[in-house]
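Colleague: Supplied in structure tokens, the structure appears directly below.
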Amino acid sequence: MFYSAQILAKKGPLGTIWIAAHLDKRLKRHQVFETSITASVDTIINAEVPLALRLSGQLLLGVVRVYSRKVGYLFQDCNDALSKLKQAFKPGDVDLPADHDKAPINAITLPDNYNGIDLYGASM
């Protein structure tokens with residue numbers, strides 16, 4: 008089985024996938040996001056020249072590593088967004104002065120005659 012060297016070139020359609028399979032640490036974040044999983048798998052499966060089984064296995068390993076990185080970045084972004092939301096809606100510290108520990112009586116007690124209605128009258 009043969010393959011074209013242009014397929015595995017660094018700028019080729021499977022260059023990033025090959026780097027992910029063999030040199031995982033050298034893969035940059037923008038390279039991961041620019042890589043299309045579906046297009047890469049279609050290129051591996053429907054290659055113009057049949058690929059060797061070992062090479063196609065290595066390339067599929069690269070696809071899995073790229074997908075794993077994408078999922079990891081998504082998980083990290085979601086956790087960051089969740090922590091920022093929790094921080095935004097976190098109740099602030101309430102420092103109540105010592106002399107305000109009781110409400111005044113007129114603030115919490117209705118008058119006997121409220122809007123013309125006798126609240127404590129015999130009409131109940």
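Sequential numbering of the sequence shown, starting at 8, is according to our numbering. Glycine residues also receive a C-beta, built at the ideal position from the N, C-alpha and C atoms.
Helix or strand or just coil, what does DSSP make of N120?
Modeller: What you label residue 120 is simply residue 113 of the sequence shown in a count that begins at 1. Of the three classes helix, strand and coil, the one that applies to N120 here is strand, per DSSP.
Colleague: Three-state secondary structure (DSSP) at D87?
Modeller: Translated into the one-based positions of the sequence shown, residue 87 becomes position 80. DSSP places D87 in helix when its eight states are reduced to three.
Colleague: So, using beta-carbon positions, are T142 and Q38 closer together than 7 Å?
Modeller: Residue coverage of the chain in this structure runs from 8 to 131, which leaves residue 142 outside it and unanswerable.
Colleague: If you check the beta carbons only, do A27 and L34 fall under 7 Å apart?
Modeller: For this step, residue 27 is matched to residue 20 along the sequence shown. For this step, residue 34 is matched to residue 27 along the sequence shown. Yes, the pair counts as a contact, with Cβ atoms nearer than the cut-off.
Colleague: Quick one: what does DSSP say D100 is sitting in, helix, strand or coil?
Modeller: Within the sequence shown, numbered from 1, the residue matching residue 100 stands at position 93. Of the three classes helix, strand and coil, the one that applies to D100 here is coil, per DSSP.
Colleague: Among L92, D84, Q65, which has the Cα closest to the Cα of S47?
Modeller: In the sequence shown, counting from the first residue as 1, residue 47 sits at position 40. When only C-alpha atoms are compared, the closest one is Q65.
Colleague: Cutting at 7 Å between CB atoms, please list the residues of its own chain near L15, excluding the five before and the five after it.
Modeller: For the purposes of this step, residue 15 is taken as residue 8 along the sequence shown, with counting starting at 1. Hits under 7 Å: L21, G22, W25.
Colleague: Find out if the Cβ-Cβ distance for the pair D31, R72 is shorter than 7 Å.
Modeller: For the purposes of this step, residue 31 is taken as the residue at position 24 of the sequence shown. For the purposes of this step, residue 72 is taken as the residue at position 65 of the sequence shown. Yes, they are a contact pair.
Colleague: Roughly how far, in whole angstroms, is the beta-carbon of I51 from the beta-carbon of L67, given that I think they are within contact range, below 8 Å?
Modeller: By one-based count along the sequence shown, residue 51 stands at place 44. By one-based count along the sequence shown, residue 67 stands at place 60. Between L67 and I51 the Cβ distance is about 7 Å, and since that is below 8 Å, they are a contact.
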